[in-house]
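First up is the structure itself, then whatever we jot down about it.
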Amino acid sequence: MSIHINAKPGEIAPIVLMPGDPLRAKYMAEKFLQNVKLVSSTRNVYYFTGTYKDKPVTIGASGMGCPSIGIYSYELFNEYNVDCIIRIGTCGAYSTNLKLFDLVNVDRAFSESTYAKYAFGFSGDHLYHEGTAYAAINETAQELNMTVQKGAIHSSDIFYRSIKGIPAMAAENDCVAVEMEAFALFANAKQLKKSAATLLTVSDVIPTQEQISADQREKSLLPMMELALESVVNL
Ligand code: HPA
Numbered sequence: 011m012s013i014h015i016n017a018k019p020g021e022i023a024p025i026v027l028m029p030g031d032p033l034r035a036k037y038m039a040e041k042f043l044q045n046v047k048l049v050s051s052t053r054n055v056y057y058f059t060g061t062y063k064d065k066p067v068t069i070g071a072s073g074m075g076c077p078s079i080g081i082y083s084y085e086l087f088n089e090y091n092v093d094c095i096i097r098i099g100t101c102g103a104y105s106t107n108l109k110l111f112d113l114v115n116v117d118r119a120f121s122e123s124t125y126a127k128y129a130f131g132f133s134g135d136h137l138y139h140e141g142t143a144y145a146a147i148n149e150t151a152q153e154l155n156m157t158v159q160k161g162a163i164h165s166s167d168i169f170y171r172s173i174k175g176i177p178a179m180a181a182e183n184d185c186v187a188v189e190m191e192a193f194a195l196f197a198n199a200k201q202l203k204k205s206a207a208t209l210l211t212v213s214d215v216i217p218t219q220e221q222i223s224a225d226q227r228e229k230s231l232l233p234m235m236e237l238a239l240e241s242v243v244n245l
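Its first residue numbered 11, the sequence shown is counted upward by one per residue in our numbering.
In structure tokens form, the structure reads like this:
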């Protein structure tokens with residue numbers, strides 16, 4: 011048990027898939043995994059462990075924002091000996107080169123967050139994916155004939171802001187999209203010498219204000235879920 015995860019030792023697999031939403035973790039585990047067991051439900055942040063094509067995998071939620079994913083991913087890496095975490099989430103596209111439902115494999119996350127600086131003394135405004143998971147996602151996408159964009163994203167601390175338009179940090183660094191968690195996940199993986207990737211589905215296009223509807227949301231995330239699970243088999 012860790013402070014925020016009440017799984018017993020050995021109940022978390024070496025590879026964890028991490029959506030933001032606990033109910034998405036539940037949906038995914040019930041839909042795709044065999045021999046599924048709920049291993050943690052502290053604060054209703056669910057973690058399920060099972061197998062996918064005979065490979066053990068845990069699917070559990072990060073919550074929203076760098077502080078929240080910072081806590082869960084740190085405890086998984088540090089106290090449950092997790093080797094690799096793949097975040098699977100949604101993003102808002104800054105670039106109209108991205109369309110709704112497109113997939114983005116994040117190579118770098120830019121952020122105004124102070125998380126990495128004050129947690130570990132890392133300077134600089136961006137961090138990279140860590141380890142082999144990013145490459146495994148790209149290779150698996152090729153095998154499955156799926157298109158995945160690769161690029162830099164903005165891990166913002168802010169969802170609602172008064173000034174519309176693309177924030178300066180994102181514009182200056184060619185960030186194709188915005189989400190709120192990758193930067194802290196990459197910081198923990200770098201500090202603890204672990205593997206971490208972030209795979210995103212475009213749920214809204216900010217310049218045109220297009221959005222995936224509530225009805226479309228569940229189905230629209232299936233390709234990302236399948237790509238992440240198939241990547242786990244290849245890791
Ligand atoms: N901002 C931040 N995170 C997001 C967004 C957004 O517009 N869309 C999906 N995740």
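Cβ coordinates follow ideal geometry from the N, Cα and C atoms, glycine included.
{"Check": "Looking at Gln102 and the ligand HPA, is the gap between the Cβ and the nearest heavy atom below 7 Å?", "Outcome": "For the sequence presented, residue 102 should be read as Gly rather than Gln. Because some heavy atom of the ligand HPA lies under 7 Å away, the Cβ of Gly102 counts as near it: yes."}
{"Check": "Check this for me: beta carbons of Ala207 and Ala143, under 8 Å apart or not?", "Outcome": "yes"}
{"Check": "Where do the ends of the beta strand (DSSP E) carrying Ala23 lie?", "Outcome": "Taken as a continuous stretch (DSSP letters only), Ala23 belongs to no beta strand (DSSP E), as it is neither H nor E."}
{"Check": "Determine the extent of the alpha helix (DSSP H) in which Ser165 is found, giving its start and end residues.", "Outcome": "Counting along the chain, Ser165 falls outside any alpha helix (DSSP H), though it belongs to the beta strand (DSSP E) covering 159–165."}
{"Check": "Could you give the residue range of the beta strand (DSSP E) that holds Phe87?", "Outcome": "No beta strand (DSSP E) contains Phe87, which is instead part of the alpha helix (DSSP H) from 76–89."}
{"Check": "Please find out if some non-hydrogen atom of the ligand HPA comes closer than 7 Å to the beta-carbon of Phe169.", "Outcome": "yes"}
{"Check": "Suppose you measure from the CA of Ala238 to the CA of Ile22; what does that come to, to the nearest Å?", "Outcome": "17 Å"}
{"Check": "In chain order, what residues of the same chain lie with their CB nearer than 8 Å to the CB of Thr52, ignoring the 5 residues before and after it?", "Outcome": "His14, Ile15, Asn16"}
{"Check": "Going by CA-CA distance only, name the one from Ala145, Ala180, Arg171, Cys94 that's closest to Ser165.", "Outcome": "Ala180"}
{"Check": "For Ala199, I'd like the list of residues in its chain whose CB is within less than 6 Å of its CB, leaving aside the five on either flank, ordered along the chain.", "Outcome": "Glu140, Ala206"}
{"Check": "In this structure, how does DSSP classify Leu209 when only helix, strand and coil are distinguished?", "Outcome": "strand"}
{"Check": "List the residues that DSSP assigns as beta-bridge partners of Tyr57.", "Outcome": "Ser50, Gly70"}
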